[in-house]
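**Q**
There are 6 protein chains.
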Amino acid sequence: MAILPKLSDEQASPAARAVFDDIRATRKTDQINDFWRVLANDPEQLAAVWAQAKKVMAPGALDALTKELIYVAVSIANNCEYCVVTHTEAARAKGMSEAQYNELMRVIAMASTTNRIAIGYQIEPDERFRK
Amino acid sequence: MAILPKLSDEQASPAARAVFDDIRATRKTDQINDFWRVLANDPEQLAAVWAQAKKVMAPGALDALTKELIYVAVSIANNCEYCVVTHTEAARAKGMSEAQYNELMRVIAMASTTNRIAIGYQIEPDERFRK
Amino acid sequence: MAILPKLSDEQASPAARAVFDDIRATRKTDQINDFWRVLANDPEQLAAVWAQAKKVMAPGALDALTKELIYVAVSIANNCEYCVVTHTEAARAKGMSEAQYNELMRVIAMASTTNRIAIGYQIEPDERFRK
Amino acid sequence: MAILPKLSDEQASPAARAVFDDIRATRKTDQINDFWRVLANDPEQLAAVWAQAKKVMAPGALDALTKELIYVAVSIANNCEYCVVTHTEAARAKGMSEAQYNELMRVIAMASTTNRIAIGYQIEPDERFRK
Amino acid sequence: MAILPKLSDEQASPAARAVFDDIRATRKTDQINDFWRVLANDPEQLAAVWAQAKKVMAPGALDALTKELIYVAVSIANNCEYCVVTHTEAARAKGMSEAQYNELMRVIAMASTTNRIAIGYQIEPDERFRK
Amino acid sequence: MAILPKLSDEQASPAARAVFDDIRATRKTDQINDFWRVLANDPEQLAAVWAQAKKVMAPGALDALTKELIYVAVSIANNCEYCVVTHTEAARAKGMSEAQYNELMRVIAMASTTNRIAIGYQIEPDERFRK
Numbered sequence: 001m002a003i004l005p006k007l008s009d010e011q012a013s014p015a016a017r018a019v020f021d022d023i024r025a026t027r028k029t030d031q032i033n034d035f036w037r038v039l040a041n042d043p044e045q046l047a048a049v050w051a052q053a054k055k056v057m058a059p060g061a062l063d064a065l066t067k068e069l070i071y072v073a074v075s076i077a078n079n080c081e082y083c084v085v086t087h088t089e090a091a092r093a094k095g096m097s098e099a100q101y102n103e104l105m106r107v108i109a110m111a112s113t114t115n116r117i118a119i120g121y122q123i124e125p126d127e128r129f130r131k
Numbered sequence: 132m133a134i135l136p137k138l139s140d141e142q143a144s145p146a147a148r149a150v151f152d153d154i155r156a157t158r159k160t161d162q163i164n165d166f167w168r169v170l171a172n173d174p175e176q177l178a179a180v181w182a183q184a185k186k187v188m189a190p191g192a193l194d195a196l197t198k199e200l201i202y203v204a205v206s207i208a209n210n211c212e213y214c215v216v217t218h219t220e221a222a223r224a225k226g227m228s229e230a231q232y233n234e235l236m237r238v239i240a241m242a243s244t245t246n247r248i249a250i251g252y253q254i255e256p257d258e259r260f261r262k
Numbered sequence: 263m264a265i266l267p268k269l270s271d272e273q274a275s276p277a278a279r280a281v282f283d284d285i286r287a288t289r290k291t292d293q294i295n296d297f298w299r300v301l302a303n304d305p306e307q308l309a310a311v312w313a314q315a316k317k318v319m320a321p322g323a324l325d326a327l328t329k330e331l332i333y334v335a336v337s338i339a340n341n342c343e344y345c346v347v348t349h350t351e352a353a354r355a356k357g358m359s360e361a362q363y364n365e366l367m368r369v370i371a372m373a374s375t376t377n378r379i380a381i382g383y384q385i386e387p388d389e390r391f392r393k
Numbered sequence: 394m395a396i397l398p399k400l401s402d403e404q405a406s407p408a409a410r411a412v413f414d415d416i417r418a419t420r421k422t423d424q425i426n427d428f429w430r431v432l433a434n435d436p437e438q439l440a441a442v443w444a445q446a447k448k449v450m451a452p453g454a455l456d457a458l459t460k461e462l463i464y465v466a467v468s469i470a471n472n473c474e475y476c477v478v479t480h481t482e483a484a485r486a487k488g489m490s491e492a493q494y495n496e497l498m499r500v501i502a503m504a505s506t507t508n509r510i511a512i513g514y515q516i517e518p519d520e521r522f523r524k
Numbered sequence: 525m526a527i528l529p530k531l532s533d534e535q536a537s538p539a540a541r542a543v544f545d546d547i548r549a550t551r552k553t554d555q556i557n558d559f560w561r562v563l564a565n566d567p568e569q570l571a572a573v574w575a576q577a578k579k580v581m582a583p584g585a586l587d588a589l590t591k592e593l594i595y596v597a598v599s600i601a602n603n604c605e606y607c608v609v610t611h612t613e614a615a616r617a618k619g620m621s622e623a624q625y626n627e628l629m630r631v632i633a634m635a636s637t638t639n640r641i642a643i644g645y646q647i648e649p650d651e652r653f654r655k
Numbered sequence: 656m657a658i659l660p661k662l663s664d665e666q667a668s669p670a671a672r673a674v675f676d677d678i679r680a681t682r683k684t685d686q687i688n689d690f691w692r693v694l695a696n697d698p699e700q701l702a703a704v705w706a707q708a709k710k711v712m713a714p715g716a717l718d719a720l721t722k723e724l725i726y727v728a729v730s731i732a733n734n735c736e737y738c739v740v741t742h743t744e745a746a747r748a749k750g751m752s753e754a755q756y757n758e759l760m761r762v763i764a765m766a767s768t769t770n771r772i773a774i775g776y777q778i779e780p781d782e783r784f785r786k
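The listed protein sequences derive, respectively, from chains A, B, C, D, E and F. Note that the working numbering gives residue 31 to position 31 of the first sequence, counting from 1, and the numbers run on in steps of one. If you want the working numbering, it's the position in the second sequence, counting the first as 1, plus 131. If you want the working numbering, it's the position in the third sequence, counting the first as 1, plus 262. If you want the working numbering, it's the position in the fourth sequence, counting the first as 1, plus 393. If you want the working numbering, it's the position in the fifth sequence, counting the first as 1, plus 524. If you want the working numbering, it's the position in the sixth sequence, counting the first as 1, plus 655.
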């Protein structure tokens, strides 16, 4: 169980409920993920993190799916169970195919290997990349 | 300095040199990154890692740039200086714009925050995501 | 389940039981956390880790609560579920208010972001900080 | 060298320069750390991160020094050279004594050990902590 | 639950089933670990990872048990529950005694501490180790 | 440069110098690694960490070289430059051959990959390993 309780709409403060409403409107869904319901125990932080998420994850120079793939990759590297599960789900909802998922996992697996090899041998960036 | 020496074409074994040649042919460049020159001290491992890289990073269901962005994201999360520098460079070579780079960094920054919040509060995946 | 069994007072060796007794006396509680009961499978290591904990976590130049906050911060960064849960509890037992908990989590969330930004751009310490 | 250039006041956009001015006013110093000068390449992100830092690091339920200690702890766990160096410096500027620094380092060292022991044995939070 | 289903022999593709058969033949067991059954959703990656595992974990200049101990150490540092549990089991199957397990855990605990101390003080490799 | 100065024998306190002497006697060398010279700024911690190192790294159920290999593996996973460089050197001093070093690096590279795959798919330990 989470360390703080998941707040229902009734339990949440008006400020937190306003964020819940914006999440529903933005994502066009009735569901509020537990992440937000737990974070609602600190309504100011809830508002700040949601504002950031809303802006950062919106399509821009990178499309929404690409952003989710990057998000999943970071979450796997950071070993965040909650984030891996929910953002893999989000990537699928945004159209990630099984073939794309396979390739995402292969790139992560490969980078995990080469990262450790470079660190293990303490290889420094090539002269020509150090300006 | 790296723990093992960077092997020049002359110092590399025939097996390692064959990999160098394939890297040059595949990437259409004369440059061999130091990563490969250090790894050439273990020619068998060099061949295996290069074969994996060649296959995994080739465009498929995900395009080559998207794969580089994922690679950079993992490398930043794993804190691999060599990998961050060289793959950011590679992403640029594959067409990453400054706007895309900004967005990549913003997604990584955001995921790093929410990953820690989810871990800090020990939030479990929502019931509906646990099949 | 843990890889090694949790040893009850009866199952623990005399050396391990002596540590249990010292934990009870020092913490003024009858409870022995599972961490110590599992570690009791290696009584020598149990004694060494407890001696270190007893000394390091005692109030000194930093008070006991500040030390717990630091402990929680490291445990979240290291993603240790056991440690996050038990030391958040310990911080509360030592008087951490909800407002302090919120601020702890906000600092951790913020540092997680700026750490990754600094690593992502490979920013080096300012000249004036390198003596 | 950082991947993006450090922007001088002259090179920074008006939006970025406004952030620089606020940093100077808030911190009562003429110095702008390189972190902000590099981040100035993405003025919008610069403004967002600075706004967060200004708010999160201000004294509240936790005093400013305690927040710095937590920041340093996270930065060491995340292995961010830039952050470790600059925030240890910041902690000193906010009054951290050598005795406090020693104790900070001892708590971090200890938590790093017990985190790995708990993970190594896969110890689950005690029944009584799982509500 | 895993994000992708565990494939039974009947559900697996012929290519994946061929890998299952080779795992059984190589390990002289009827059991296929869930890791492989999940990875079977990407048969090509399954074949690649198994080929690597088969080769890398075979006894060579290092014996099979020493390789398992290194594997467990990395898995604990990376905080992979699945890997910690299954490879500790594998180490036992290859003859790891309780005394060896205790020492493995002590070395990991110690390295975790000294790693953080070296990072915390930003200690650079001694002059004589930098050739 | 390290955050605290490296203390020469003359600068170190009598307590710290006693530890230096014991390091020299135990390791049969005149060299004191910079790690200890920096840690000497906190003589009590220096004595505690050295006592732990002396005991933990001594040959026992695992021989001294195996312990060094485990140490290097953890240090690479934790990305500690100082520790990777000095303990790879220590492993060589204890007889690690180039073939053994290659295999060490291959196991680490492989575990890094499979750790991330297991985390990425959120694979749970097989039923039969959960007692």
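Just so it is clear, CB atoms sit at the ideal spot from N, CA and C, and this is done for glycine as well.
When DSSP labels each residue in this structure, what does Leu-138(B) get in the three-state scheme?
**A** Here Leu-138(B) sits in coil by DSSP.
**Q** Are the CB atoms of Leu-458(D) and Lys-487(D) nearer to each other than 7 Å?
**A** In this structure, Lys-487(D) lies closer than 7 Å to Leu-458(D) by Cβ.
**Q** Let me make sure I understand the geometry here. Which of Ala-12(A), Ser-75(A) and Arg-27(A) has the alpha-carbon closest to that of Ala-58(A)?
**A** Considering only alpha carbons, the answer is Arg-27(A).
**Q** In the DSSP assignment, find the alpha helix (DSSP H) that holds Ile-772(F) and state where it starts and stops.
**A** Segment 753-775, the alpha helix (DSSP H) holding Ile-772(F).
**Q** Since Ala-577(E) meets chain F, which of its residues come closer than 7 Å, beta carbon to beta carbon?
**A** Within chain F, the residues near Ala-577(E) are Met-765.
**Q** Would you report the Cα separation of Arg-410(D) and Glu-389(C), rounded to the nearest angstrom?
**A** Rounded to whole angstroms, Arg-410(D) to Glu-389(C) spans 21 Å at the Cα level.
**Q** Given a cut-off of 7 Å, decide if Arg-499(D) and Val-318(C) are closer than it, judged by their beta-carbon atoms.
**A** It is a contact, given that the beta carbons lie within the stated cut-off.
**Q** Using a cut-off of 8 Å between C-beta atoms, extract the partners of Ser-359(C) located in chain D.
**A** Under the 8 Å cutoff, chain D gives Ala-454.
**Q** In the DSSP assignment, find the unbroken alpha helix (DSSP H) run with Leu-327(C) in it and report its ends.
**A** Where Leu-327(C) is concerned, the enclosing alpha helix (DSSP H) stretches over 326-340.
**Q** Buried or exposed for Pro-529(E), please, with buried defined as at least 16 other CB atoms from any protein chain shown within 10 angstroms of its CB.
**A** Under this definition Pro-529(E) is an exposed residue.
**Q** Exposed or buried, which one is Ala-695(F) when buried takes at least 16 other CB atoms within 10 Å?
**A** Buried, because 16 or more other Cβ atoms sit within 10 Å of the Cβ of Ala-695(F).
**Q** Who are the Cβ neighbours of Leu-235(B) in its own chain at under 6 Å, not counting the five residues just before and after it?
**A** So the list reads Leu-200, once near-sequence residues are dropped.
**Q** Quick check on Glu-44(A): buried or exposed, where buried means 16 or more other Cβ atoms within 10 Å of its Cβ?
**A** By the neighbour-count rule (16 or more Cβ atoms within 10 Å), Glu-44(A) is not buried but exposed.
**Q** Could you name the residues of chain G that Arg-783(F) contacts, counting a contact when the two beta carbons are closer than 8 Å?
**A** Protein chains in the displayed structure are A, B, C, D, E and F, and chain G is not among them.
**Q** Output, in sequence order along the chain, the residues in the stretch 471-482 of chain D whose CB is closer than 7 Å to any CB in chain B.
**A** Listed in sequence order: Asn-472.
**Q** So, helix, strand or coil for Lys-447(D), using DSSP?
**A** Helix, per DSSP.
**Q** Can you give me the start and stop residues for the alpha helix (DSSP H) that Thr-550(E) sits inside?
**A** Unbroken alpha helix (DSSP H) run through Thr-550(E): 538-551.
**Q** Taking the beta carbon of Ser-112(A) as the centre, do at least 16 other beta carbons fall within 10 Å, making it buried, or is it exposed?
**A** Looking at its Cβ environment, which holds 16 or more other Cβ atoms inside 10 Å, Ser-112(A) is buried.
**Q** Residue range of the alpha helix (DSSP H) that Phe-129(A) falls in?
**A** It is not in any alpha helix (DSSP H) - Phe-129(A) carries neither H nor E in the DSSP assignment.
**Q** Quick one: what's got a C-beta closer than 7 Å to Asp-402(D)'s C-beta in the same chain, skipping five residues either side?
**A** Correct list, in chain order: Arg-410 and Phe-413.
**Q** By alpha-carbon positions, which one of Ile-285(C), Thr-291(C) and Ser-337(C) ends up nearest to Ile-370(C)?
**A** Residue Ser-337(C) is the option with its Cα nearest to Ile-370(C).
**Q** How should Met-1(A) be labelled, buried or exposed, when 16 other C-beta atoms within 10 angstroms of its C-beta is the threshold for buried?
**A** Met-1(A) comes out exposed.
**Q** Distance check for Leu-138(B) and Ala-156(B), CA to CA, integer angstroms please.
**A** Cα to Cα, Ala-156(B) sits roughly 19 Å from Leu-138(B).
**Q** For a quick check, are the C-beta atoms of Thr-177(A) and Ile-527(E) less than 7 Å apart?
**A** What the structure shows of chain A is the stretch from 1 to 131, and residue 177(A) is not part of that stretch, so it cannot be assessed.
**Q** Which residues in chain E have a C-beta closer than 9 Å to the C-beta of Asn-450(D)? List them in chain order.
**A** Inspection of the sequence shows that residue 450(D) is occupied by Met rather than by Asn. Residues of chain E passing the Cβ test: none, with the nearest at roughly 20 Å.
**Q** Does the distance from the CB of Ala-511(D) to the CB of Cys-342(C) come in under 7 Å?
**A** Yes, they are a contact pair.
**Q** Classify Gln-424(D) as helix, strand or coil using the three-state DSSP reduction.
**A** Coil at Gln-424(D), not helix or strand.
**Q** Please report whether the beta-carbon of Asp-42(A) lies at a distance below 7 Å from any beta-carbon of chain C.
**A** Output row for Asp-42(A): interface = yes.
**Q** Helix, strand or coil, according to DSSP, for Ala-352(C) in the structure here?
**A** In the structure shown, Ala-352(C) sits in a helix (DSSP, three-state: H, G or I).
**Q** Count the other CB atoms, across all protein chains shown, that sit within 10 Å of the CB of Ala-536(E); report buried if there are 16 or more and exposed otherwise.
**A** That one is buried.
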